[in-house]
Each structure stands twice: as C-alpha cells, then as structure tokens.
Amino acid sequence: MRYRSNSRALYELLSSMRFAISLLTILGIASIIGTVLKQNEPYNNYLNQFGPFWFPIFEKLGLYAVYNSVWFLTILAFLVISTSVCIVRQTRPMLLDMRSFREHAKENSLAQFQHHDRVPCALPTAEAQALASAYLTRAGFTARSNARGDGVLLAAKQGSWSRIGYFLAHSAIVLICLGGLLDGNLPLKAQMAMGGKVVTSGNQLISDIGPESRLGLDNWSFRGNVFIPEGKSANVAVLNVQDGILLQDLPFSVSLKKFHLDHYESGMPKRFASDIIITDNASGKSVEKTIEVNKPFEFDGVMMYQASFEDGGTKLKLVAHDLRPGAGTDFPLEGAIGDSVKVTTAGLDHTLELGSFRAFNIENMASDQPAEGGTMASLEKHLGSGAKSPTKKDMQNVGPSFQYKLRDSAGQAREYQTYMQPIQQDGAWYMLSGMRDSPSAQFRFMRIPMDADGKPDSWFMIRRQLIDKSRHAELARRFAATAVGQMDASVRSRMEETTRKTLELFAIGGFESLGKFIESTIPEAERDKAADVFIKILEGATWEAWKLARADAGLPAITLDGAAGRLVRDTLNATSDSLHYGAPVFFQLAGFDEVRATVLQVTRSPGKPIVYFGSLLLVLGVFAMLYIRERRLFVLIKDSGEALIALSSNRKSMDVEESFRRHRDGLAAALNPATPA
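Count the sequence shown with the working numbering and you get residues 244 to 920, in order.
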C-alpha cells in the first residue's frame with residue numbers, strides 16, 4: 244500500500260505543470276549562461292578570465308560546457324519524462340472534451356454563464372428547433388440536440404481543435420529535449436566515465452596521440468574544429484574536452500586550396516572564405532566547394548561551417564641584434580610560426596618560440612589632443628553630438644607584426660610583440676617592440692627611433708657605444724674636450740670623471756639607476772638642477788658616441804641640427820628602456836612569406852532534424868492555442884414560449900461580448916420571425 248502511495252506521489256509530481264515549469268526555468272537560466280559564456284574553450288582561457296578562485300567553482304558547476312554537462316542533460320531527461328506523462332495524463336480527458344457537445348447541460352448551469360440571455364419564442368418547438376439549427380450551421384457551429392420534457396437543448400461548438408495546440412506544444416518540448424539529448428555526447432560521457440576514453444594534451448603531434456584519445460567514425464554526435472593551412476589537408480577534428488582534447492576521425496579528408504580574406508577600412512574582416520576539396524575516404528571521390536560564413540556545407544552527414552582563420556605557419560626572416568654589452572654582432576635567423584628555434588650564436592643559449600603573425604594591424608593613429616586655436620576648436624569643447632564619435636579616429640594599417648617568446652636555458656620566458664614597419668608618433672618615426680611577463684599583462688612598448696634613412700641602425704650603433712664600459716673613457720674624454728675646451732686641465736679632468744661616472748650609472752639601469760644615485764647623494768632641494776645637468780651630460784656623450792660609431796663604420800660625419808638632436812634624446816629614452824627589455828637579443832622582422840589557415844567547425848548532430856521538427860510543432864501549437872478559439876453556444880427552446888441562449892469561450896477576449904450579442908440577436912430573429920429586427 245505504501246509502495247502504491249509513493250508511486251502515485253511520484254506520478255503526480257512528474258505530471259505536475261509546476262514541476263515542468265520549474266525545469267524549464269532552470270533550463271532557461273542555464274541557456275542564458277551558455278549563451279553569454281563562450282563554451283568549450285581551453286581551460287587556460289577561463290583561468291585567465293575568472294582567476295584562480297572562481298575558475299574551479301565554475302568548473303565544478305559545468306559552466307564551461309553547459310549543454311553537455313551531466314546536470315543539464317539530466318534536467319532534459321526529466322523534462323522529457325514529465326512532459327510525456329503530462330501528455331498521457333491529459334490525452335483522454337481532452338479527447339473526450341473535444342468530442343463532447345455537453346448536450347445534457349442543465350438550465351441552472353446555463354443561467355450561470357457570464358454571457359446568457361432569455362428571448363421569447365413565438366414558434367412551435369419543432370419549427371424553432373429547425374430554424375435555430377439552420378442558423379447555427381450558417382454561423383459555423385456543429386450542433387447536437389437533446390429533447391427534454393419541457394423542450395429541447397441545442398448544444399453547438401466550434402474551434403474544438405484548439406485543444407490540438409496543447410498536444411503540439413507539449414510534443415514539441417519532448418522532441419526538442421530528445422534532440423538535445425541525442426546531441427549531448429552521452430556515449431562519450433559514458434566511455435570517459437568507464438575509462439574507455441582519456442583526454443590528452445594539445446601540445447603534441449596528432450600522429451603521437453593514441454587510440455584512447457581518438458573517437459571513431461561510429462560516434463553519432465560531435466562538434467569540433469579542423470585546422471587546415473593552405474596547401475595542406477586534414478581528416479581529424481579536435482574536440483576541446485575539459486582541460487584537454489580528443490580527436491574525432493572524419494569519414495573524409497579536407498584540403499585547403501586558397502583562403503580569401505577581405506577587410507573593411509576599419510581593419511575588421513569583411514569576408515573570409517575557404518576554397519576546399521573534400522575527398523571521401525571510402526570511394527575516393529572529390530568535391531570542390533567554397534565555404535563562407537553563414538554558408539555551410541554538408542557532406543556525408545557532417546556539417547562544415549566557416550568558423551575563423553589563423554596563421555598557417557608563415558615563414559619569417561629575422562635579423563637578430565645582440566643587445567649585450569660589448570657585443571656588436573647581427574646575424575640572420577629564419578623560422579615558421581609555431582616553430583621553436585634554437586639561438587646559440589655568439590654564446591647564446593635561448594629558444595625562440597614563434598607564436599603568431601599578423602599581416603594587418605589597424606590602429607587609431609589620431610591624437611587625443613584637441614586642435615589648437617580656431618573657432619570650431621573652441622566650440623567643440625562645449626558641444627556634442629549623438630552621431631559624432633567623442634574621440635577622434637584615424638584608422639591606419641601600421642603593417643605586419645609577430646609575437647614570440649624567448650626562453651632561456653633555465654626555462655624562463657618572456658613574451659614579445661614587434662612591428663615590422665616604423666610607426667609615426669609625436670611627429671617622429673619609431674619601431675615599436677613590446678614586452679610582457681605573463682599572458683594576462685599588457686605589453687610595455689619600447690620605441691626605437693628611426694634615423695634619416697628610415698632605419699634603426701643608428702640607434703643600435705649608438706647604444707653599443709653607450710653600454711660598453713670599455714668605450715666610456717673615450718666618450719668622456721671627447722665630451723669633456725668639447726664642453727670645456729681649453730679651460731683648466733683640472734676642470735676638464737673633473738668633467739671627464741663626471742661623464743664617465745654618469746655613463747656607468749646609465750649603462751647599469753638607464754634613467755632608473757641615475758635617479759636612485761641622485762636621490763641617495765644629492766639634497767632634495769638640488770635634485771632637479773642636478774638631474775638637468777646629468778641629462779645634458781648624457782646628451783652630449785650620446786652625440787659623441789654617434790660620431791664615434793659613424794667613424795668606426797666608415798660613414799661620413801654628421802652635423803648637429805634639430806632632427807639630430809631629437810634622435811639623440813629618443814636614443815637615450817630607448818636605450819634606457821632596452822635595459823629593462825629582458826632579452827639579450829632584439830629580433831627585427833625583415834621579411835615574411837605568409838601562409839594562411841582556415842578553421843572549420845565540423846558537427847554531426849542527429850538531433851538537429853528532430854529539434855527543427857519540434858520547433859515547427861511548437862509554432863503550430865502556439866498558433867492553434869492563440870488563434871483558434873473554442874466557443875460553445877447553447878440554445879434551450881422551452882415549450883413555454885421562451886428560449887435561453889448561453890455562450891462560453893475558452894479565452895476571454897474583447898470580441899466575446901460582440902459575438903454573443905450577434906448570435907443572440909440572430910437567434911432571436913429566427914425564433915420570432917414576425918418581430919422586426
């Protein structure tokens with residue numbers, strides 16, 4: 244008895260509308276999370292985004308793969324059961340109600356309807372019944388009569404098929420949830436739970452990944468990415484699972500002939516498409532197709548979408564400039580994006596890890612400062628426009644750049660980003676190179692000044708002179724001779740010593756070392772004056788270093804003018820920054836041979852047609868429930884010469900009152916033909 248009671252309670256719970264609505268609410272919230280939070284990304288991306296505190300919490304909740312999480316699929320299963328039980332429970336009473344005319348309704352019940360009225364009937368009961376039946380037929384009702392002792396009741400109805408909307412809508416929910424379960428990778432989860440499949444690291448060759456991390460052709464549902472460089476082919480898809488990957492074998496191979504990429508003026512991609520050749524593994528037949536965004540292609544039950552694009556192994560030609568004191572060797576280096584190149588020239592012991600390459604870099608080169616003078620400039624300080632951007636924009640392509648990591652023998656690495664072409668800033672041209680210690684940090688850029696030939700060669704020559712301690716005495720002697728001239732020898736000697744000491748401090752840590760020396764040795768009231776003196780000494784010594792470097796290189800002498808003076812100041816700034824650059828070598832991009840790669844998303848979704856069909860049923864069901872109105876009209880013709888007319892509707896709307904008034908007047912006119920309308 245108790246078992247039966249528990250079963251009945253479970254049945255009541257599963258067939259409860261509140262229970263189903265609660266499940267739908269949870270699914271709605273989960274779907275919002277799955278839409279806002281990008282799904283199935285590598286775990287490192289989520290760790291960088293949420294930090295070490297929230298990352299494991301969200302991982303336990305399964306928010307990184309909401310639609311494939313166990314709790315989401317469990318809710319889907321319960322919703323399928325609950326909705327199916329609701330349909331089973333309501334089918335019989337609804338079918339009975341749809342077939343029923345309620346011709347046995349009592350007069351007292353009809354008199355309780357919101358819309359009812361009594362009208363006189365001047366005709367005999369049989370004749371009145373015939374006229375009323377004819378009117379109901381003309382009005383679109385299906386009627387059934389029931390003779391009584393005091394008269395006859397005509398029970399009519401129309402729109403009973405609105406109840407079919409209930410079955411369509413609830414069946415649609417069942418189908419949509421079943422489609423979600425089919426696409427939920429349930430077999431894969433079962434295999435992983437039993438140890439049949441194990442995720443592996445993505446930092447290895449595909450050929451080195453074993454069968455325990457590969458999924459066969461019989462896997463009925465998957466969603467992964469295929470990375471294909473130009474001129475190459477692939478026959479496996481990579482599935483991001485938890486903190487690793489799985490490989491999905493495909494029944495065909497995909498070759499990329501050409502990747503097309505067009506840009507807007509702002510630099511954003513306008514169109515990217517892939518010219519591919521698909522070759523079936525079984526038959527060997529090939530199909531050529533161009534896949535674009537929003538224009539997918541299906542082959543052998545697998546849908547292919549144009550997802551994104553990446554670098555496919557662009558070959559870079561680099562010039563390595565040795566930044567170590569006393570070194571003056573430049574040497575060429577070549578490598579492709581994704582390679583790790585050993586750097587062992589001139590006693591170096593580092594590894595260059597080429598990370599990414601961008602042929603286009605669109606930056607806003609407009610100055611943030613308002614234009615000087617003018618009536619419009621003064622007005623723009625006070626006026627605004629909703630159509631006008633609050634900031635000035637001058638979007639320009641600043642040329643190619645590449646990112647890389649330089650790892651020392653101890654395994655420590657820093658990340659760098661260097662632009663190939665010089666960029667104009669503040670009226671001068673610079674080569675930009677940024678450095679950061681961690682992927683979450685921003686790049687800190689060093690600006691290397693360009694000389695009159697548009698090259699950074701002068702900076703490298705001057706820098707070698709400034710940080711080489713063996714050249715400081717000569718630079719100090721030259722600067723003292725220029726600054727002091729034929730003055731007392733002791734004054735010139737003190738100037739040489741001050742210049743040499745200044746160069747030594749600067750070569751250690753740039754302006755930072757010089758600032759610490761000033762703070763520790765000079766009273767606060769005199770620090771600004773002392774700093775100006777040191778800067779002038781450094782500028783003079785830098786000018787001498789430039790002349791000396793050009794003489795050593797066999798270049799003609801130069802004259803000191805405004806452009807040369809600015810180059811001297813910029814050289815000092817860049818040299819100071821380079822001492823904190825964290826790399827013994829500066830890699831300059833001299834040339835490249837770009838290779839693009841496409842990223843195709845491949846999916847096998849057996850539940851997709853079921854979901855589409857369920858969505859169609861849902862639309863039809865909602866349409867039926869909203870726009871097909873069920874109305875029942877009762878006409879009780881009494882032998883006493885009176886008729887009771889009552890109308891009921893399943894939905895309260897503004898036209899119910901008008902409909903009742905129209906039918907009442909029509910029936911009253913039919914039952915009293917001699918009475919003027």
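C-beta: ideal position from N, C-alpha, C; glycine also.
Keep in mind the model is a prediction, meaning the values are calculated, not measured.
Between Ser848 and Gly857, the alpha-carbon positions lie close to 15 Å from each other.
Rounded to whole angstroms, the gap between the alpha carbons of Val313 and Asn351 is 56 Å. For Gly670, there is no enclosing beta strand (DSSP E), since its DSSP letter is neither H nor E. Rounded to the nearest angstrom, the gap between the Cα atoms of Cys364 and Val331 is 46 Å. Boundaries of the alpha helix (DSSP H) harbouring Met704: Asp700 to Ile710, taken from the DSSP string.
With fewer than 16 other beta carbons inside 10 angstroms of its own, Ile264 counts as exposed.
Partner residues in the beta bridge of Thr443, as assigned by DSSP, are Ile488. Less than 8 Å separates the beta-carbon of Val878 from that of Leu910. Within the stretch 286 to 353, the complete alpha helix (DSSP H) segments of 4 residues or longer fall at 286 to 304 and 313 to 342, listed in chain order. Judged by their CB atoms, Lys501 and Asp518 are nearer to each other than the 8 Å cut-off. Ranked by Cα distance from Ile705, the first of Lys532, Lys560 and Trp789 is Trp789. Assignment of Ser892 by DSSP, reduced to helix, strand and coil, places it in the strand class.
Taking C-alpha positions only, Phe301 is separated from Tyr310 by approximately 14 Å.
With three or more CB-CB distances shorter than 8 Å, the stretch 886 to 900 counts as touching the stretch 344 to 363. With respect to the C-alpha of Thr278, the residue from Asn288, Thr268 and Leu306 having the closest C-alpha is Leu306. With a cutoff of 8 Å on beta-carbon distance, Leu397 and Gln372 are scored as near each other.
The beta carbon of Ala550 sits closer than 7 Å to the beta carbons of Asn468, Val842, Leu843 and Gln844 from its chain, once the five residues preceding and following it are set aside; these are given in chain order. In its chain, beyond the 5 residues on either side, Arg361, Pro363 and Cys364 have a beta carbon closer than 7 Å to the beta carbon of Glu885. Between Leu353 and Ala889 a beta carbon distance of about 4 Å is seen, short of the 8 Å cut, so the two are scored as contacting. With a cut-off of 8 Å on Cβ pairs, the stretch 448 to 465 is not in contact with the stretch 827 to 842, counting fewer than three such pairs.
Residue pairing by DSSP places Asp573 opposite His564 in a beta bridge. When the beta-carbon positions are compared, His715 and Glu747 come within less than 8 Å of each other. Taking 8 Å as the upper bound for CB-CB distance, Ser456 and Val442 are in contact here, some 7 Å apart.
Below 8 Å, too few C-beta pairs join the stretch 791 to 798 and the stretch 669 to 681 to call them touching: fewer than three.
Contact check for His413 against Thr326 passes: the beta carbons are separated by less than 8 Å. In the DSSP assignment, no residue is bridged to Pro766. When DSSP states are grouped into helix, strand and coil, His823 belongs to the coil group.
Counting other Cβ atoms within 10 Å of its Cβ, Glu255 stays below 16 and is therefore classed as exposed.
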